[in-house]
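Notes for the one structure printed next.
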Amino acid sequence: MEGDRLKKALLTGVGAAAPTRILTNYDFEKMVDTSDEWIVTRTGIRERHVVEDGMVGTDLALEASRQALREAELSADELDLILLGTVTPDFIVPSSACILQKKIGATKAAAMDVVAGCTGFIYGLATANAFIRSGMYENILVIGVEVLSKLTDYKDRNTCVLFGDAAGAVVVQAAPPDEKRGILSAFLAADGNLANLLHVPMGGTVDPLTPANFERRGQYIKMAGNEVFKSAVREMGEAATLALEKAGCSPDELTLLIPHQANIRIIEATAKRLGLPMEKVYVNIDRYGNTSSASVPLALWEARREGKVKDGDLVLLVAFGAGFTWGSVLVRL
Ligand code: UT7
Numbered sequence: 001m002e003g004d005r006l007k008k009a010l011l012t013g014v015g016a017a018a019p020t021r022i023l024t025n026y027d028f029e030k031m032v033d034t035s036d037e038w039i040v041t042r043t044g045i046r047e048r049h050v051v052e053d054g055m056v057g058t059d060l061a062l063e064a065s066r067q068a069l070r071e072a073e074l075s076a077d078e079l080d081l082i083l084l085g086t087v088t089p090d091f092i093v094p095s096s097a098c099i100l101q102k103k104i105g106a107t108k109a110a111a112m113d114v115v116a117g118c119t120g121f122i123y124g125l126a127t128a129n130a131f132i133r134s135g136m137y138e139n140i141l142v143i144g145v146e147v148l149s150k151l152t153d154y155k156d157r158n159t160c161v162l163f164g165d166a167a168g169a170v171v172v173q174a175a176p177p178d179e180k181r182g183i184l185s186a187f188l189a190a191d192g193n194l195a196n197l198l199h200v201p202m203g204g205t206v207d208p209l210t211p212a213n214f215e216r217r218g219q220y221i222k223m224a225g226n227e228v229f230k231s232a233v234r235e236m237g238e239a240a241t242l243a244l245e246k247a248g249c250s251p252d253e254l255t256l257l258i259p260h261q262a263n264i265r266i267i268e269a270t271a272k273r274l275g276l277p278m279e280k281v282y283v284n285i286d287r288y289g290n291t292s293s294a295s296v297p298l299a300l301w302e303a304r305r306e307g308k309v310k311d312g313d314l315v316l317l318v319a320f321g322a323g324f325t326w327g328s329v330l331v332r333l
């Protein structure tokens, strides 16, 4: 994008939140036929955070968003747009973005949810980039938030050990075209042929929730884990490679790769595809499990807090999820 005269989208604030209640692998040993050893070796997960009754996704989103706005030194009423990635909204209608808009007092902001599975935050960030580069908006809040514990079947060992709850948020602001920092490239993709490999079969308009469907546990996430795994390895690698290529960058210029945290083996395969040592890859799946669209902004927030990345560093964000969807954003912080 050398020489283009469009505005740059700068990440000026980051925030995150996770509930305090923790479920460890040992808790799952008491619930289903599993073991800490199986979960750690097959997924890398040791514990995950889950909400107490009464806490909803927009509560977590509010906490993360307030932090991000504080860091950006921006007040909520200066926001032009809220893009909220989630597959676990407070309600089917209205959007969680609108509920957050009210809770945070973003009176001038348009607001919409972005439903793209675990790629929801990346889709939101790429969309924010496009709005800013087009000149339409200056100040955008992008969130990834999930309360997956509400869609998790705690009787199904294939899925229940995987998921957790969290939120992450970034403030994205317009900067002059010659700014060296900001989003350098974005890549998004989808393949609806694979929709049934990872889905919630009931509760939509095709098969609404009825007492009989409830009995069949159709309101919970179903996943053909191994097939999803193979696609994830392929598409995370593709997304990571293409964002770098688009910006004319090579993997060894990266300070850090921040991948979606679904499985440590998928993360390692993505690093290998890029030829990156694991020291250059952020991993927190051991402490949070898979938090879907919250995982990338949560990891970005932690990486900054731990000093693993600082302003000026080149960071690649990449995710894969239900839909299927996959995508990546290359950003100089
Ligand atoms: O967020 C984006 C989308 N999600 C993902 O990217 C997740 C992708 N998938 C995965 O991470 C992995 O496929 C899983 C962790 C879900 C499963 O690992 P796997 O190595 O693919 O195992 P598998 O599904 O092939 O199952 C192997 C065995 C099966 O037993 P049998 O049929 O060989 O006797 C499962 O029943 O492991 C069994 N198994 C378990 N055993 C103990 C499945 N879940 C468990 C469990 N504890 N929790």
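Under the working numbering, read the sequence shown as residues 1 to 333, first letter to last. Every residue, glycine too, gets a C-beta built ideally from N, C-alpha and C.
Between the ligand UT7 and the CB of T34, the shortest heavy atom gap is smaller than 7 Å. Just measuring C-alpha positions, the residue of L125, R273, T119 sitting nearest Q173 is L125. Taking all protein chains shown into account, E37 has fewer than 16 neighbouring C-beta atoms within 10 Å of its C-beta and is therefore exposed. A direct Cα-Cα distance of roughly 22 Å separates L242 from G85. DSSP, reduced to helix, strand and coil, places M55 outside both helices and strands of the structure shown, so it counts as coil. R48: member of the beta strand (DSSP E) spanning 47–49, first to last residue. The beta carbon of T58 sits closer than 7 Å to those of D90, S96, I99, L100, K103, all from its chain and outside the five residues before and after it, given in chain order. The Cβ atoms of Y137 and D80 lie closer than 8 Å to each other. For T43, the distance from the CB to the nearest heavy atom of the ligand UT7 is below 7 Å. For the pair E73 and V14, the CB atoms are not nearer than the 8 Å cut-off. In the DSSP secondary-structure assignment, Q173 is bridged to L10, N139.
Going by DSSP, I82 is part of the beta strand (DSSP E) stretching over 81–85. The ligand UT7 has no heavy atom closer than 7 Å to the beta-carbon of S328. An exposed status is given to F214, since fewer than 16 other beta-carbon atoms sit within 10 Å of its beta-carbon. The continuous alpha helix (DSSP H) containing G120 extends over residues 120–134. For N193, the closest C-alpha among the options D4, T43, N25, T325 is that of T325. Separation of D113 and I143 (C-alpha to C-alpha, rounded to the nearest whole angstrom) is 9 Å. Separation of R48 and A247 (C-alpha to C-alpha, rounded to the nearest whole angstrom) is 35 Å. When DSSP assignments are scanned along the stretch 211–263, the uninterrupted stretches of beta strand (DSSP E) that are 3 or more residues long and fall wholly within it turn out to be 256–259. For the beta strand (DSSP E) assignment, the uninterrupted runs of no fewer than 3 residues enclosed by the stretch 171–210 are, from N- to C-terminal side, 182–190.
Taking C-alpha positions only, A303 is separated from Y282 by approximately 7 Å. Annotation for P176: no residue places its beta carbon closer than 6 Å to its own, counting only its chain and skipping 5 residues before and after. With fewer than three CB-CB distances shorter than 8 Å, the stretch 195–208 does not count as touching the stretch 13–33. Ranked by Cα distance from D286, the options A169, D153, G164 are led by G164. With distances taken between CA atoms, A17 lies nearest to A169 out of A169, L184, E179.
Looking from the CA of T12, the closest CA among K230, F187, L274, A68 belongs to A68. About 14 Å separates the CB atoms of L333 and C249; that is not less than 8 Å, and the two are not in contact. Annotation: the continuous beta strand (DSSP E) that includes D113 extends over 110–114. Taking 7 Å as the cut-off, the C-beta of H199 does not count as close to any heavy atom of the ligand UT7. L316 is the residue among A232, K280, L316 whose C-alpha sits nearest the C-alpha of P297. Note that the C-beta distance between R217 and D153 is below 8 Å. N129 has its alpha-carbon roughly 36 Å from the corresponding atom of R42.
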